[in-house]
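Colleague:
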Amino acid sequence: MSKRKVILILLVLSFVIAGTVYFANIWRENMTYDKITVKGNITLTKDEILQAANIKSDSVNIEELNLVFIQDRISKHPEIKKVFVSKNPPNELVIDVYEKRPLAIVNVGNQLNLVDEECELFPFKNFEKLYDLPVITGIKQFSQQQIEDKSYMNDLKTAVFITINAYKKSKFLYNQISEINVSDTGRIVLFTNDKSVPVYFPRSENNNISDPVYQREITDKLVVLKNFFGKSYESLKDKKLDYVDLRYNNQVIVKTN
């Protein structure tokens, strides 16, 4: 093959490649994602998530799609724990969200927050979406710095531990707890949903919920409380209960009036 033919072939190939790239870019710039799929949302609606992302629900031009920016905007929503945004060619944008799972309402000072299993506090956004969550009270006021470095709240961690393990033992048991008060250093007080009966759990100033021995003591008391609700509580419904005391080993003290 002559040198002239080789040069000619190379020129033709160059034009073909350049044309392909050019038209591909034109196609890419005019391409729209007219299908937006939101996955993983439970309490948040698709519209709420798209509003947080600042994108429209009908179609999005590819020039507007910066996945990092979209993820960052959605992740700032107070009820979102994690979010992943991806493109699924030819025309689909996929948003995977993981919502924070509120375990309880926390009353600190005059402010109400939700708390999840990792003791992360986040504010109410939609009051109408509140479930029958237990309320954690008696938490001492703490600073924003303490919230950020999590160097606070054995009290809150203790209440969250009780809430998580009550749910694990029995959803019925979890639903029976209306309030967990941790203001007293000598006991933890749970209040029942039915008649607001105080239930005393063991505690001392030396107890820390990170201690496996104390964790076991608390989970054992939850089993005792579950059995009490299942076997004895119904027979006492006609009486006025002043309190149920579970602080002592191998006994349940019930004070009636």
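For the sequence shown, my numbering begins at -14 and goes up steadily by one. Backbone N, C-alpha and C define an ideal beta-carbon position, used for all residues, glycine too.
Could you check the C-alpha separation between residue 136 and residue 77 for me, to the nearest Å?
Modeller: Working through the sequence shown from its first residue, we reach residue 136 at position 151. Working through the sequence shown from its first residue, we reach residue 77 at position 92. Bear in mind that the predicted position of residue 136 carries a pLDDT of just 46, short of 50, making it too unreliable to give a figure here.
Colleague: By the 10 Å Cβ neighbour count, where 16 or more other Cβ atoms means buried, how is residue 162 classified, buried or exposed?
Modeller: The sequence position of residue 162 within the sequence shown is 177, counting from 1. It is buried - the Cβ of residue 162 has at least 16 other Cβ atoms within 10 Å.
Colleague: Could you check whether residue 118 and residue 89 sit closer than 7 Å to each other, using their CB atoms as the reference points?
Modeller: Within the sequence shown, residue 89 is the residue found at index 104, counting from 1. Within the sequence shown, residue 118 is the residue found at index 133, counting from 1. Closer than 7 Å, so yes.
Colleague: Using the Cα positions of residue 216 and residue 229, report the straight-line distance between them to the nearest angstrom.
Modeller: In the sequence shown, counting from the first residue as 1, residue 216 sits at position 231. In the sequence shown, counting from the first residue as 1, residue 229 sits at position 244. Each residue's Cα considered, the two are about 14 Å apart.
Colleague: Between the alpha carbons of residue 227 and residue 68, how many angstroms are there, rounded?
Modeller: Stepping through the sequence shown from its first residue, residue 227 is reached at position 242. Stepping through the sequence shown from its first residue, residue 68 is reached at position 83. So the alpha carbons of these two residues sit roughly 47 Å apart.
Colleague: According to DSSP, is residue 210 helix, strand or coil?
Modeller: As a first step, residue 210 must be located in the sequence shown, where it is residue number 225. In the structure shown, residue 210 sits in a helix (DSSP, three-state: H, G or I).
Colleague: Assuming residue 166 and residue 122 are in contact, meaning their beta carbons sit under 8 Å apart, how far apart are those beta carbons, in whole angstroms?
Modeller: To locate residue 166, count along the sequence shown from 1; it is residue 181. To locate residue 122, count along the sequence shown from 1; it is residue 137. At roughly 5 Å, the Cβ-Cβ gap stays under 8 Å, so residue 166 and residue 122 are in contact.
Colleague: Using CA atoms only, rank isn't needed, just tell me which of 170, 92 and 184 is closest to residue 237.
Modeller: Taking the first residue of the sequence shown as position 1, residue 237 is located at position 252. Checked all of 170, 92 and 184; the closest Cα to residue 237 is 184.
Colleague: On the three-state DSSP scale, how would you describe residue 102?
Modeller: Locating residue 102 in the sequence shown gives position 117, where the first residue counts as 1. Correct three-state label for residue 102: coil.
Colleague: In the structure shown, what three-state DSSP assignment does residue 136 receive?
Modeller: Taking the sequence shown and counting its residues from 1, the one referred to as residue 136 is at position 151. With a pLDDT of 46 at residue 136, under the threshold of 50, the modelled position of this residue cannot be trusted; read the value that follows with caution. Coil at residue 136, not helix or strand.
Colleague: What separation, rounded to the nearest whole angstrom, lies between the Cα atoms of residue 139 and residue 176?
Modeller: In the sequence shown, residue 139 corresponds to position 154, counting from 1. In the sequence shown, residue 176 corresponds to position 191, counting from 1. Answer to the nearest angstrom: the Cα atoms are 20 Å apart.
Colleague: If you measure between the beta carbons of residue 102 and residue 147, is that distance less than 7 Å?
Modeller: On the sequence shown, residue 102 is found 117 positions in, with the first residue counted as 1. On the sequence shown, residue 147 is found 162 positions in, with the first residue counted as 1. No, these two residues do not count as a Cβ contact at 7 Å.
Colleague: Given a threshold of 16 other Cβ atoms within 10 Å of its Cβ, counted over all protein chains shown, does residue 27 qualify as buried or as exposed?
Modeller: Translated into the one-based positions of the sequence shown, residue 27 becomes position 42. Exposed, since its Cβ has fewer than 16 Cβ neighbours within 10 Å.
Colleague: Identify which residue in 195, 170, 192 and 164 has its Cα closest to the Cα of residue 181.
Modeller: Stepping through the sequence shown from its first residue, residue 181 is reached at position 196. Cα-wise, what sits closest to residue 181 is 164.
Colleague: In angstroms, rounded to a whole number, what distance separates the CA positions of residue 98 and residue 66?
Modeller: Counting from 1 along the sequence shown, the entry for residue 98 is found at position 113. Counting from 1 along the sequence shown, the entry for residue 66 is found at position 81. Between residue 98 and residue 66, the C-alpha separation is close to 15 Å.
Colleague: Do residue 82 and residue 71 have their C-beta atoms within less than 7 Å of each other?
Modeller: Here the question's residue 82 lines up with position 97 in the sequence shown. Here the question's residue 71 lines up with position 86 in the sequence shown. No.
Colleague: The alpha helix (DSSP H) spanning residue 88 covers which residue range?
Modeller: Here residue 88 is taken as the residue at index 103 of the sequence shown, counted from 1. That residue, residue 88, is in no alpha helix (DSSP H); it is neither H nor E in DSSP.
Colleague: Using 10 angstroms around the beta-carbon of residue 197, count the other beta-carbons present and answer buried if the total reaches 16, otherwise exposed.
Modeller: Here the question's residue 197 lines up with position 212 in the sequence shown. That one is exposed.
Colleague: How many angstroms separate the CA atom of residue 200 from the CA atom of residue 142?
Modeller: As a position in the sequence shown, residue 200 is number 215, starting the count at 1. As a position in the sequence shown, residue 142 is number 157, starting the count at 1. Rounded to the nearest angstrom, the two C-alpha atoms are 11 Å apart.
Colleague: Under a Cβ-count criterion, where at least 16 other Cβ atoms within 10 Å of its own Cβ denotes burial, should residue 86 be classed as buried or exposed?
Modeller: Locating residue 86 in the sequence shown gives position 101, counting from the first residue. With fewer than 16 other Cβ atoms within 10 Å, it is exposed.
Colleague: Provide the residue span of the alpha helix (DSSP H) that contains residue 53, from first to last.
Modeller: As a position in the sequence shown, residue 53 is number 68, starting the count at 1. Residues 52 to 60.
Colleague: Could you please give the first and the last residue of the uninterrupted alpha helix (DSSP H) stretch that includes residue 251?
Modeller: Residue 251 cannot be examined here, being either before or after the span of the chain that is shown, -14 to 242.
Colleague: So, residue 158 versus residue 125, is the Cβ gap smaller than 7 Å?
Modeller: Locating residue 158 in the sequence shown gives position 173, counting from the first residue. Locating residue 125 in the sequence shown gives position 140, counting from the first residue. No, these two residues do not count as a Cβ contact at 7 Å.
Colleague: So the candidates are 93, 109 and 221; which of them puts its Cα closest to the Cα of residue 29?
Modeller: Numbered from its first residue, the sequence shown carries residue 29 at position 44. Out of 93, 109 and 221, 109 has the C-alpha closest to the C-alpha of residue 29.
Colleague: Please look up how many angstroms separate the CB atoms of residue 151 and residue 106, rounded, as I've assumed it's under 8 Å.
Modeller: Residue mapping note: residue 151 aligns to position 166 of the sequence shown, counting from 1. Residue mapping note: residue 106 aligns to position 121 of the sequence shown, counting from 1. No, residue 151 and residue 106 are not in contact; Cβ-Cβ is about 20 Å, not under 8 Å.
Colleague: Is the distance from the Cβ of residue 37 to the Cβ of residue 59 below 7 Å?
Modeller: Start at 1 with the first residue of the sequence shown, and residue 37 comes out as number 52. Start at 1 with the first residue of the sequence shown, and residue 59 comes out as number 74. In this structure, residue 59 lies closer than 7 Å to residue 37 by Cβ.
Colleague: I'd like the list of long-range same chain contacts for residue 52, defined as Cβ closer than 8 Å, with 5 residues on each side in sequence excluded.
Modeller: As a first step, residue 52 must be located in the sequence shown, where it is residue number 67. Cβ neighbours of residue 52 beyond the five flanking positions: 70, 71 and 72.
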